[in-house]
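Structure first, commentary second.
There are 2 protein chains.
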Amino acid sequence: MRESKRKRLEAKGWRVGGTAEFLNLSPEEAAYVELKINLALKLREWRTRRQLTQGDLARLVKSSQSRVAKMEAGDPSVSLDLLVRTLLALGASSREIARTIAPPRRATAA
Amino acid sequence: MRESKRKRLEAKGWRVGGTAEFLNLSPEEAAYVELKINLALKLREWRTRRQLTQGDLARLVKSSQSRVAKMEAGDPSVSLDLLVRTLLALGASSREIARTIAPPRRATAA
DNA sequence: ATACTATATGTCATTATAGACATATCGTCA
DNA sequence: TGACGATATGTCTATAATGACATATAGTAT
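Going down the list, the protein sequences come from chains S and F. For the record, in the first sequence the residue sitting at position 93 is 96 according to the working numbering, with numbers rising by one throughout. For the record, in the second sequence the residue sitting at position 17 is 20 according to the working numbering, with numbers rising by one throughout.
Dropping the structure here:
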């Protein structure tokens with residue numbers, strides 16, 4: 004991506020709720036990493052809900068356990084493409100992905 | 004990504020409404036390309052709305068005119084990452100991106 | 001403690017995507 | 001017609017992301 008140094012740092016110190024504005028990120032950079040982190044969290048949620056190990060999922064999407072771990076960790080080396088493709092492979096719909104990226108106003112809440 | 008041959012074909016013959024199921028794509032592959040195409044269309048919409056040429060936008064996001072053209076054409080060589088980053092750079096919000104990926108139920112409609 | 005299973009982390013060679021540049025195509029205006 | 005501005009398309013080298021593998025670190029049993 005653009006500057007992998009920064010990314011490396013970002014993804015290290017993240018905290019679940021209200022994620023990444025404590026570093027000197029431009030608004031759109033922050034939005035971008037938040038978006039990725041939300042997808043990452045959702046991915047783990049889906050995988051565990053479906054009772055799959057990282058290895059299982061890796062086989063399912065023809066990747067590797069380590070890459071799945073990195074996806075779920077929001078590692079800067081994983082692309083949106085891979086995250087989205089993997090979520091789709093897990094059965095997520097476009098709408099569910101959209102909701103993950105940004106919940107609609109007044110969501111019914113799970 | 005996975006099979007660039009296919010992708011090459013996909014992105015060629017696309018039609019705006021109800022996009023890509025006329026090729027032998029798996030459901031999730033289809034969802035993935037639809038998602039990209041929707042973002043591509045939105046990108047052009049935002050750029051033209053803001054009265055920017057592809058060259059202007061390219062400078063804005065430190066890319067090149069040709070890459071912007073490819074983004075808007077849904078070229079398989081452009082990543083979700085680039086599309087999303089560019090939309091964010093144009094001022095789109097996560098919610099707007101989410102709505103582009105999948106409109107919420109019963110949208111108020113523009 | 002050891003052994004086993006799941007997950008995390010680091011590295012590497014291969015592959016995909018990047019920006020850049022040339023050039024073709026299109027539209028419009030003189 | 002030709003010239004100009006915008007967009008499209010093809011190709012290049014450089015860079016980033018990929019799967020694979022090794023290995024470290026939980027966690028949970030016995």
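The C-beta atom is built at its ideal place from N, Cα and C for all residues, glycine as well. No experiment lies behind these values; they were computed from the predicted model shown.
Residue i, enclosing alpha helix (DSSP H) - first and last residue
i	result
S:N27	Segment: none, S:N27 is in no alpha helix (DSSP H) and carries neither H nor E.
As assigned by DSSP and simplified to three states, the class of residue i
i	result
S:Q54	coil
S:K39	helix
F:D84	helix
S:L91	helix
S:A61	helix
F:A105	coil
S:S96	coil
S:S69	helix
Cβ pair residue i, residue j closer than 8 angstroms
i	j	result
F:G77	F:I104	no
S:S97	F:L38	yes
S:T51	S:M74	no
F:Q68	F:A61	yes
F:L83	S:V87	yes
F:P107	S:P107	yes
S:L93	S:W49	yes
Option in the options with minimal Cα separation from residue i
i	options	result
F:A101	S:A34, S:T89 and S:V64	S:A34
F:L46	F:V36, F:L85, F:E32 and F:P30	F:L85
F:V81	F:A92, F:E32, F:D59 and F:L42	F:L42
Closer than 7 angstroms: residue i CB and nearest the ligand ADP heavy atom
i	result
F:L91	Annotation note on the ligand ADP: not contained in the displayed structure, which lists no ligands.
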